[in-house]
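Below is one structure, written out as structure tokens, with a few remarks after it.
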Amino acid sequence: MRGMEPGTISVRVWRGREDGGFAEYSVPRRASQTVLDVVTFIQRKLDPTLAYRYACRVGMCGSCAMTVNGRPRWTCRTHVAKLGAGPLTLEPLANLPRIKDLAADLAPFFDKWAQALGRFVPPAESKAEFAEVPPDSKARQAADAGIECIGCAVCYAACDTAAWNPDYLGPAALNRAWTLMNDVRDAAGPARLAAIAEAGGCSACHSHQSCREHCPKNLNPTASIAGLKRMVAKAALAGDIE
């Protein structure tokens, strides 16, 4: 935006759905200002029709994730001052349908989570009152490495494979499957392994590590997916899956 005052920020915001376009706003520049602060100012002071998501504002829920200058981020933890002096360009998360403005439809993301059987399934019967899970066991440590995922979909938006393969389950769903495959209490291992062995499962990952680079929780879904690939290969050699 030409003629921008020194104390303001030029912001290009996606408006509408897939066939929408960018609108430009001028927002006051403030100390310790986050991108979420910018979006909230626009909605409260300039245009009350702007649609976006947020909840906790402190970096715990991940619901404020958007594409900021081409990169998926949590906007509540992204400070404007660290993005340089140039204008901001804000869009909804990539690789997902656009509901309106900065809000993406997360239904496909969580549908794939379900396809990967990403929920804990207890055994039908258990003789022990409490399951013993030694914290220093190899399986527990493998699960711990990926268990902090909160399902914000940043990794999915950053994934090159998800961009061109609509059947790919995605980094978050497969990372969740990995943690459950290493949970000694879970009883759905064989069914889950068969699910992630399908064409859109772990074998579809090209190990570009975009998920690792962008994960706000510093997780490494690529490593989790590599572990699943090893599990699938061993099961195939043993004749447990086709």
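Note that the sequence shown covers residues 3 to 244 in our numbering. Ideal Cβ positions, reconstructed from N, Cα and C, are used throughout, including at glycine.
- For Asp-169, same chain residues with a beta-carbon under 6 angstroms away, outside a window of 5 residues either side, are Gly-202 in chain order.
- Following the DSSP letters along the chain, one finds Phe-112 inside the alpha helix (DSSP H) bounded by residues 109-117.
- According to DSSP, Ile-11 shares a beta bridge with Val-29.
- In chain order, Val-123, Pro-124, Pro-125, Ala-126 place their CB closer than 8 angstroms to the CB of Ala-189, counting only its own chain and leaving out the 5 sequence neighbours on each side.
- Taking every protein chain shown into account, the CB of Arg-232 has fewer than 16 other CB atoms within 10 angstroms, so this residue is exposed.
- By the neighbour-count definition (other C-beta atoms within 10 Å, threshold 16), Leu-239 is an exposed residue.
- Between Leu-92 and Val-186, the C-beta spacing is not below 8 angstroms.
- Annotation note: the segment 47-127 contains the following uninterrupted beta strand (DSSP E) runs of length 3 or greater, listed N- to C-terminal: 67-70, 73-76, 90-93, 100-102.
- Residue burial annotation: Cys-204 is buried, with at least 16 other C-beta atoms found within 10 angstroms of its C-beta.
- Just measuring C-alpha positions, the residue of Glu-244, Tyr-158, Gly-191, Pro-192 sitting nearest His-210 is Tyr-158.
- Under the 10 Å beta carbon count, Cys-58 is surrounded by fewer than 16 other beta carbons and is classified as exposed.
- In the three-state scheme derived from DSSP, where H, G and I count as helix and E and B as strand, Gly-191 is classed as helix.
- Between Ser-212 and Asp-162 the beta-carbon gap is near 6 angstroms, inside 8 angstroms, which marks them as a contact.
- Phe-24 carries a strand assignment under DSSP once its states are collapsed to helix, strand and coil.
- Excluding its 5 nearest sequence neighbours in each direction, Gly-229 has C-beta neighbours in its own chain below 7 angstroms: Ala-144, Trp-180, listed in chain order.
- Measuring C-alpha to C-alpha distances from Glu-20 to each of Ile-101, Pro-218, Asn-222, Thr-224 identifies Ile-101 as the nearest.
- Looking at the DSSP output, Arg-19 shares a beta bridge with no other residue.
- Sequence-distant partners of Glu-244 (beyond 5 residues in either direction) whose C-beta falls short of 7 angstroms from its own C-beta are missing from its chain.
- In this structure the segment 135-144 does not touch the segment 68-80; the number of beta carbon pairs closer than 8 angstroms is below three.
- The secondary-structure analysis by DSSP pairs Thr-36 across a beta bridge with His-81.
- Counting C-beta atoms within 10 angstroms of its own C-beta, Asn-220 has fewer than 16 neighbours from the protein chains shown and is therefore classed as exposed.
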